[in-house]
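All remarks here apply to the structure that follows.
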Amino acid sequence: MPEAKPSRKPAATKRPPRGDLAPDRIAAILKALDEAYPHAECALIHRSPWELLVATILSAQCTDVRVNMVTPELFRRFPTPAAMSKATLPELEALIRTTGFFHNKAKSIQGAARKIIADFGGQVPQTLAELITIPGAARKTANVVLGVCFGKAEGVVVDTHVFRIARRLALAKGETPQKVEQELMRIIPQDRWIAFSHQLIHHGRQVCDARKPKCDRCNLEQLCHSKDKTWQS
Ligand code: SF4
9 MPEAKPSRKP
19 AATKRPPRGD
29 LAPDRIAAIL
39 KALDEAYPHA
49 ECALIHRSPW
59 ELLVATILSA
69 QCTDVRVNMV
79 TPELFRRFPT
89 PAAMSKATLP
99 ELEALIRTTG
109 FFHNKAKSIQ
119 GAARKIIADF
129 GGQVPQTLAE
139 LITIPGAARK
149 TANVVLGVCF
159 GKAEGVVVDT
169 HVFRIARRLA
179 LAKGETPQKV
189 EQELMRIIPQ
199 DRWIAFSHQL
209 IHHGRQVCDA
219 RKPKCDRCNL
229 EQLCHSKDKT
239 WQS
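Take any residue in the sequence shown, note its place counting from 1, add 8, and you have its number in my numbering.
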């Protein structure tokens, strides 16, 4: 077989993306978020990885404020995975009823407690691969626990606020949280993943509302070209 002739074309160099995903634009968005939310933190009250895991499972389709109302009594009655693993479903359901979907959530937190006792020596595991084997804990919950409790960024938390705002800012186009997470992981520096999610969640609650975003008081307004904008400078 004849040897391939060396190509005269120089090897293609990877150009930085332009437009919406240009590094300058992303840096400007991150800077604006830092300025607006320098101390953004998880709003779910917790004293341990176990409590945050349970609180995050309960926060599905529910506000953090509501979850914070039920967890003190839940953890007073069942403070550890061992204690919760022995709770009956009716006992758990009665305590978490107001968070909605309480039949499923009771099964999840009871199952999570049993799994942690059976497979992880009673301790919340510290890897994404292990966390997502726990009943009720998908990638979002796992990323929350890893980021907040262990300072580990294995992925980006994509809740309803992050999903909506990432798309409004044209940082992602995916139709599912999983796809948006993959897009964000490609363009946001890994050392910013934890803070970035917290900041977008705060932005979603305070300014970039799902129905009526308050664009006239948004410090990202000049960087945002969303069709959902309610005000243009
Ligand atoms: S300009 Fe409006 S739509 Fe865009 S990020 Fe700000 S609040 Fe959200």
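Yeah, the Cβ is synthetic: ideal placement off N, Cα and C, and Gly gets one too. Computed from a predicted structure; not experimentally measured.
Original post:
Can you find at least 3 beta carbon pairs, one from the stretch 47–63 and one from the stretch 201–215, that sit closer than 8 angstroms?
Top reply: Yes, the stretch 47–63 touches the stretch 201–215.
Original post:
Is residue 228 near the ligand SF4, going by C-beta to nearest heavy atom under 7 angstroms?
Top reply: For the purposes of this step, residue 228 is taken as the residue at position 220 of the sequence shown. When distances are taken from the beta-carbon of residue 228 to the heavy atoms of the ligand SF4, the shortest one is below 7 angstroms.
Original post:
Does DSSP put residue 162 in a helix, in a strand, or in coil?
Top reply: On the sequence shown, residue 162 is found 154 positions in, with the first residue counted as 1. Coil, per DSSP.
Subject >> Assigned secondary structure, residue 107 (DSSP; H/G/I helix, E/B strand, else coil) >> reply: Residue numbering aside, residue 107 sits at position 99 when the sequence shown is read from its first letter. DSSP places residue 107 in helix when its eight states are reduced to three.
Subject >> Where residue 235 falls: helix, strand or coil (DSSP) >> reply: Position 227 of the sequence shown holds residue 235. Per DSSP, reduced to three states, the secondary structure at residue 235 is coil, with no helix or strand assignment.
**OP:** Just mark residue 11 as buried or exposed, buried being the case when its beta carbon has 16 or more other beta carbons within 10 Å.
**Re:** Taking the first residue of the sequence shown as 1, we reach residue 11 at position 3. The predicted model places residue 11 with a pLDDT of 45, which falls under 50 and marks its position as unreliable, so this point remains unresolved.
Original post:
Are residue 95 and residue 86 close, meaning C-beta to C-beta below 8 angstroms?
Top reply: In the sequence shown, the residue the question calls residue 95 occupies position 87. In the sequence shown, the residue the question calls residue 86 occupies position 78. The Cβ atoms of residue 95 and residue 86 lie closer than 8 angstroms to each other.
Subject >> Cutoff 6 angstroms; reference residue 15; Cβ partners in own chain excluding five residues on either side >> reply: One-based indexing of the sequence shown puts residue 15 at position 7. In this prediction, residue 15 has a pLDDT of 48, which is less than 50 and means its spatial position is unreliable; what the coordinates show is noted afterwards. The answer is none, since no qualifying residue turns up.
**OP:** Return the residue from the list 240, 213 and 210 that minimises the CA-CA distance to residue 223.
**Re:** The sequence position of residue 223 within the sequence shown is 215, counting from 1. Checking every option, the nearest Cα to that of residue 223 belongs to 240.
Original post:
Looking at C-alpha atoms only, which residue of 60, 179 and 29 is the closest neighbour of residue 133?
Top reply: Here residue 133 is taken as the residue at index 125 of the sequence shown, counted from 1. It is 60.
Original post:
For the ligand SF4, any of its heavy atoms closer than 7 angstroms to the Cβ of residue 236?
Top reply: Taking the first residue of the sequence shown as position 1, residue 236 is located at position 228. Residue 236 has its Cβ nearer than 7 angstroms to a heavy atom of the ligand SF4.
Original post:
What do you get for residue 225, buried or exposed, if any count of 16 or more other CB atoms within 10 angstroms of its CB means buried?
Top reply: For this step, residue 225 is matched to residue 217 along the sequence shown. Exposed, by the Cβ-count rule.
Original post:
By Cβ distance, which residues of its chain are closer than 6 angstroms to residue 177, with the 5 residues on each side in sequence left out?
Top reply: Counting from one through the sequence shown, the residue named residue 177 turns up at place 169. Taken in chain order, the residues that qualify are 232.
Original post:
Using DSSP with H/G/I as helix, E/B as strand and the rest coil, what is residue 228?
Top reply: Residue 228 sits at position 220 when you count from the first residue of the sequence shown. For residue 228, the three-state secondary structure derived from DSSP is coil.
Original post:
Between which two residues does the alpha helix (DSSP H) carrying residue 183 extend?
Top reply: As a position in the sequence shown, residue 183 is number 175, starting the count at 1. That residue, residue 183, is in no alpha helix (DSSP H); it is neither H nor E in DSSP.
**OP:** Assign residue 220 to one of two classes, buried (16 or more other C-beta atoms within 10 Å of its C-beta) or exposed (fewer than that).
**Re:** The sequence position of residue 220 within the sequence shown is 212, counting from 1. Per the 10 Å Cβ criterion, exposed.
Subject >> Reduced DSSP secondary structure (H/G/I, E/B, other) of residue 198 >> reply: By one-based count along the sequence shown, residue 198 stands at place 190. Here residue 198 sits in helix by DSSP.
**OP:** Consider the C-beta atom of residue 222 and the heavy atoms of the ligand SF4; say whether any pair is separated by less than 7 angstroms.
**Re:** Indexing the sequence shown from 1 puts residue 222 at position 214. Flag set: Cβ of residue 222 near the ligand SF4.
Subject >> As assigned by DSSP and simplified to three states, the class of residue 245 >> reply: Given that the chain is displayed from residue 9 to residue 241, the structure contains no residue 245 and the question cannot be resolved.
Original post:
Can you give, in chain order, each stretch of the beta strand (DSSP E) that sits fully within the stretch 44–93 and has at least 3 residues?
Top reply: Secondary structure remark: continuous beta strand (DSSP E) runs of at least 3 residues inside the stretch 44–93: none found.
Subject >> Cβ distance (whole Å) where residue 124 is taken to contact residue 142 below 8 angstroms >> reply: The residue given as residue 124 occupies position 116 in the sequence shown. The residue given as residue 142 occupies position 134 in the sequence shown. At roughly 7 angstroms, the Cβ-Cβ gap stays under 8 angstroms, so residue 124 and residue 142 are in contact.
**OP:** Keeping to the same chain, check which residues put their C-beta closer than 6 angstroms to that of residue 188; ignore five residues upstream and five downstream.
**Re:** In the sequence shown, the residue the question calls residue 188 occupies position 180. If the five residues before and after residue 188 are omitted, its C-beta is found closer than 6 angstroms to the C-beta atoms of 166, 171, 174, 180 and 182, all from its own chain and listed in chain order.
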